[in-house]
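Residues in the sequence shown are numbered from 100 upward in steps of one, following my numbering.
Notes for the one structure printed next.
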Amino acid sequence: MIKVTLPDGSVREFSQGVTPMDVAKNISEGFARNVISANYNNTTIETSTPLTTDGTLTLYTWNDKEGKKAFWHSTSHVMAQTLEEMFPGIKLTLGPAIDNGFYYDVDFGDNKITDADFKKIEDRVLEISREKHEFKMRAVTKAEALDKYKDNEYKTELISNLEDGTITFCDHATFTDLCRGGHIPNTGIIKAVKIMSIAGAYWRGDEKNKQLTRVYGTSFPKQKDLTDYLELLEEAKRRDHRKLGKELDLFHFSQRVGQGLPLWLPKGAALRDRLEQFLKKAQKKAGYEQVVTPHIGQKELYVTSGHYAKYGADSFQPITTPAEGEEFLLKPMNCPHHCEIYNSRPWSYKDLPKRYAEFGTVYRYEQSGELHGLTRVRGFTQDDAHIFCMPDQLDAEFKNVIDLVLYVFGSLGFENFTAQVSVRDLNNPDKYIGSIENWEKAENAIISAAKDKGLNYVIEAGEAAFYGPKLDFMVKDALGRSWQLGTIQVDYNLPERFELSYKGADDKLHRPVMIHRAPFGSMERFIAILLEHTAGNFPLWLMPEQAIILSLSEKYEKYAKKVLDLLEIHEIRALIDNRNETIGKKIREAEMQKMPFMLIVGEEEEKNGTISVRRNGQEGKGNITVTIEEFAKIVNEEISKTLKQF
Ligand SMILES: [Zn+2]
Ligand SMILES: [Zn+2]
100 MIKVTLPDGS VREFSQGVTP MDVAKNISEG FARNVISANY NNTTIETSTP LTTDGTLTLY
160 TWNDKEGKKA FWHSTSHVMA QTLEEMFPGI KLTLGPAIDN GFYYDVDFGD NKITDADFKK
220 IEDRVLEISR EKHEFKMRAV TKAEALDKYK DNEYKTELIS NLEDGTITFC DHATFTDLCR
280 GGHIPNTGII KAVKIMSIAG AYWRGDEKNK QLTRVYGTSF PKQKDLTDYL ELLEEAKRRD
340 HRKLGKELDL FHFSQRVGQG LPLWLPKGAA LRDRLEQFLK KAQKKAGYEQ VVTPHIGQKE
400 LYVTSGHYAK YGADSFQPIT TPAEGEEFLL KPMNCPHHCE IYNSRPWSYK DLPKRYAEFG
460 TVYRYEQSGE LHGLTRVRGF TQDDAHIFCM PDQLDAEFKN VIDLVLYVFG SLGFENFTAQ
520 VSVRDLNNPD KYIGSIENWE KAENAIISAA KDKGLNYVIE AGEAAFYGPK LDFMVKDALG
580 RSWQLGTIQV DYNLPERFEL SYKGADDKLH RPVMIHRAPF GSMERFIAIL LEHTAGNFPL
640 WLMPEQAIIL SLSEKYEKYA KKVLDLLEIH EIRALIDNRN ETIGKKIREA EMQKMPFMLI
700 VGEEEEKNGT ISVRRNGQEG KGNITVTIEE FAKIVNEEIS KTLKQF
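Pasting the structure below:
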């Protein structure tokens, strides 16, 4: 008999040779029908692999990341089989599962694959899948493996690097592939497949090697899942922040200025400014003080902080001056500057905590291939702050920061989020700096703050940085994609390196603890995420313009101007479209610009001192005719729904 431990900690006994699928059936037949892959003692195995020793078993379904991985990896075998059938003589190389699907890198030789082949490939993959072939693992000797692939230099290279006795093949139907394992029980559960695209890819990612063709695909256990996925992709394309940023005139990239260096256009700059003012106001209430620091710093500053040793080689290189011996770095982070602000005078325990905030622009070198719209740039502005406090104040400070982060999320319409607490790996104590006592204090402070604030959080052991534990927020956007936003990080390292101190009640000098935090992360990335989350329909309080006055003809220009002045008194941001165009065209264009309110003025409105109001996105509801005062009330009510007082 062997003992099999399940993830809930329960232990069941089985005779030796029991398979994961047998165990699944032992749990429940219904559950077993959904099980598609398995892991035993931290090794991926087949659901049909006999278990011969005691161990811990995890069974996965489609709903698990590991289950999807097995599903997509298995589909890549079937696709490889199909490609071999359709293009005889091709050489297969590697075909792993990736996020949202799989690919296979293929040397097509004299064959050529085009988009026109995709449908045929999909049909054949499904045809094979319907035959319900099982995936069977088989151990082979190195000699056997090399023999099978004697005409395939890629697989030969892979096999040469493997230890004899560890090499396995996977068979299904008439197809065999070199493979480590981790498949679904049989091909029958692959019900929908889509070949997504083809692209060039160098063998082993090295551009000195031969260029192969990467065939991307995805597959699902239900046709509807595929349809939903493709719709999601379409919606993501429509919401792409690079596209919306152009359409809404928010930002621009100029090759002449340089790659990865966004230029904020007036509307985008106004949006940024509004976000900054919003956060500054809340931070002021939370006891932060604004500071300003330069965009460059002496190289020595970053040698002291340790950043130069760690990132120097992969960063923008030092700037030299006409005077000899001077070297400066573009600021890659604000922390060292803030440490020196702290060091500008002595502190007593009564002065702490000190909270320094800065919208600090930093520069980090990214390879041009890594740049992506506003989410990966070379210059960006962090909504940064550093809190210097006593270890006993960590708990309260963490709660304050969580309050602020939740306020930011709530005001911007992010309702779906989780948190992750990253703590030490207790088996690896040498990895971390700072005293054990302080680490315990900090970790407990974070966990109790997360608990107290009712966060939905998980604790990840071993995920802490060497210099301190942290709390990260993961936000789900309107398309269900996860983004990491808002990090709160404890740091024992920089206070040490910058010799920060305060005088305690005991009249002795002590080291403060430092907290780094940035609710938005960076203005650039945050605005990109916000654009994709809202499709450009930002919360009303944040909109660069909240209303547009559309005059029915030039005759009402004067009245339109009067309406604009009245709106201004009510602090509603508006503009006038006085062009000699049809009202239908003006409305359509205003909608394209995501203008929240369209205010139509004509003869009736002028006579009665009213406006005809149309809310973007609510076409069905028709227009309402109201006075300016009534309209101001509508606007304020909508704003107060999202934007609360901090
Ligand atoms: Zn495989
Ligand atoms: Zn920092």
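Cβ coordinates follow ideal geometry from the N, Cα and C atoms, glycine included.
Which term fits residue i, buried or exposed, when burial requires 16 or more other beta carbons within 10 angstroms of its beta carbon?
i	result
Ala408	exposed
Gln382	buried
Ala518	buried
His615	buried
Lys691	Note that residue 691 is Met in the sequence shown here, rather than Lys. Result: exposed.
Gln376	exposed
Thr146	buried
Pro618	buried
Ala422	exposed
Asp483	buried
Gln115	exposed
Arg371	buried
Glu100	The amino acid occupying residue 100 in the given sequence is Met; Glu does not appear at that position. When all chains shown are included, Met100 counts as exposed.
Ile686	buried
Asp276	buried
Arg624	buried
Ser404	buried
Ser353	exposed
Asn308	exposed
Phe130	exposed
Gln466	exposed
Please report whether the beta-carbon of residue i lies at a distance below 8 Å from any beta-carbon of chain D.
i	result
Lys530	Note that chain D does not occur in the displayed structure, where there is just one protein chain.
Tell me the DSSP bridge mates of residue i?
i	result
Val574	Phe516 and Trp582
Asn138	Thr143 and Thr157
Gly567	Ala564
Glu559	Ser521
Asn285	Glu233
Gly316	Phe201 and Ile294
Ser650	Val700
His351	Leu362
Arg444	DSSP lists no partner for Arg444.
Thr475	Thr is not the amino acid found at residue 475; the sequence shown has Arg there. Beta-bridge pairing links Arg475 to His471.
Phe113	Ile101
Val177	According to DSSP, Val177 bridges with nothing at all.
Gln588	Lys569 and His615
What span of residues does the alpha helix (DSSP H) with residue i cover, start to end?
i	result
Ile686	Ile682 to Met691
Arg713	Not the alpha helix (DSSP H): Arg713 falls in the beta strand (DSSP E), residues Thr709 to Arg714.
Leu277	Per DSSP, Leu277 belongs to no alpha helix (DSSP H); it is in the beta strand (DSSP E), Phe274 to Leu277.
Glu631	Met622 to Thr633
Gly478	Gly478 -> not in any alpha helix (DSSP H); beta strand (DSSP E) instead, spanning Gly478 to Cys488.
Val504	Leu493 to Ser510
Arg337	Gln322 to Arg337
Glu667	Glu656 to Ile668
Thr741	Ile727 to Thr741
Glu346	His340 to Glu346
Please list the terminal residues of the continuous beta strand (DSSP E) segment that includes residue i.
i	result
Lys453	Lys453 to Tyr462
Ile101	Ile101 to Thr104
Met295	Ala291 to Tyr301
Gly129	No beta strand (DSSP E) contains Gly129, which is instead part of the alpha helix (DSSP H) from Glu128 to Asn133.
His615	Val612 to Ala617
Glu252	Element bounds for Glu252: not the beta strand (DSSP E) but the alpha helix (DSSP H), Glu252 to Ser259.
Asp676	Ala673 to Asp676
Asp551	Counting along the chain, Asp551 falls outside any beta strand (DSSP E), though it belongs to the alpha helix (DSSP H) covering Ile535 to Asp551.
Phe268	Thr267 to His271
- Item | Secondary structure, alpha helix (DSSP H): runs of 4+ residues fully inside the stretch 185-241 | If only uninterrupted alpha helix (DSSP H) runs of at least 4 residues are considered, those enclosed by the stretch 185-241 are 217-229.
- Should the stretch 295-303 be regarded as contacting the stretch 311-319, the criterion being three or more beta carbon pairs within less than 8 Å? Inter-segment contact for the stretch 295-303 and the stretch 311-319 is present: three or more beta-carbon pairs are separated by less than 8 Å.
- For the stretch 364-441, which segments carrying the beta strand (DSSP E) assignment without a break, of at least 3 residues, lie completely within its bounds, in sequence order? Counting whole runs of 3 or more residues, the stretch 364-441 contains the beta strand (DSSP E) stretches 395-397 and 426-429.
- Message: With three or more C-beta pairs closer than 8 Å as the rule, is the stretch 327-339 touching the stretch 243-252?
- Response: Of all C-beta pairs linking the stretch 243-252 to the stretch 327-339, fewer than three are shorter than 8 Å, placing the two stretches out of contact.
- Message: Any contact between the stretch 109-123 and the stretch 201-220? By contact I mean 3 or more CB pairs, one from each, below 8 Å.
- Response: Segments in contact, no.
- Task: Determine contact between the stretch 627-635 and the stretch 487-503, defined as no fewer than three beta-carbon pairs at a distance below 8 Å.
- Result: Between the stretch 627-635 and the stretch 487-503 there are fewer than three C-beta pairs closer than 8 Å, too few to call the two in contact.
- Check whether the stretch 568-579 touches the stretch 519-526, counting contact only when three or more Cβ pairs, one atom from each stretch, lie closer than 8 Å. Yes, they touch.
- Touching or not, the stretch 593-604 and the stretch 534-548, by the rule of three or more beta carbon pairs under 8 Å? No, because fewer than three Cβ pairs between the stretch 593-604 and the stretch 534-548 fall closer than 8 Å, the two stretches do not touch.
- Check whether the stretch 670-677 touches the stretch 639-647, counting contact only when three or more Cβ pairs, one atom from each stretch, lie closer than 8 Å. Under the Cβ criterion (8 Å, minimum of three pairs), the stretch 670-677 counts as touching the stretch 639-647.
- Touch test, the stretch 254-273 against the stretch 167-185, Cβ-Cβ under 8 Å, three pairs minimum: Counting C-beta pairs closer than 8 Å gives three or more between the stretch 254-273 and the stretch 167-185, which meets the contact rule.
- Take every Cβ of the stretch 278-287, pair it with every Cβ of the stretch 221-230, and state whether three or more of those distances are shorter than 8 Å. Segments in contact, yes.
- Message: Contact between the stretch 653-665 and the stretch 507-514 is defined here as three or more beta-carbon pairs at a separation below 8 Å; is this criterion met?
- Response: With a cut-off of 8 Å on Cβ pairs, the stretch 653-665 is not in contact with the stretch 507-514, counting fewer than three such pairs.
- Message: Taking 8 Å as the cut-off, does the stretch 550-560 touch the stretch 358-373 (at least 3 CB pairs, one atom from each stretch)?
- Response: Counting C-beta pairs closer than 8 Å gives fewer than three between the stretch 358-373 and the stretch 550-560, which falls short of the contact rule.
- Three-pair Cβ contact test at 8 Å for the stretch 720-739 versus the stretch 697-708: Per the Cβ contact rule, the stretch 720-739 is in contact with the stretch 697-708 (3 or more Cβ pairs under 8 Å).
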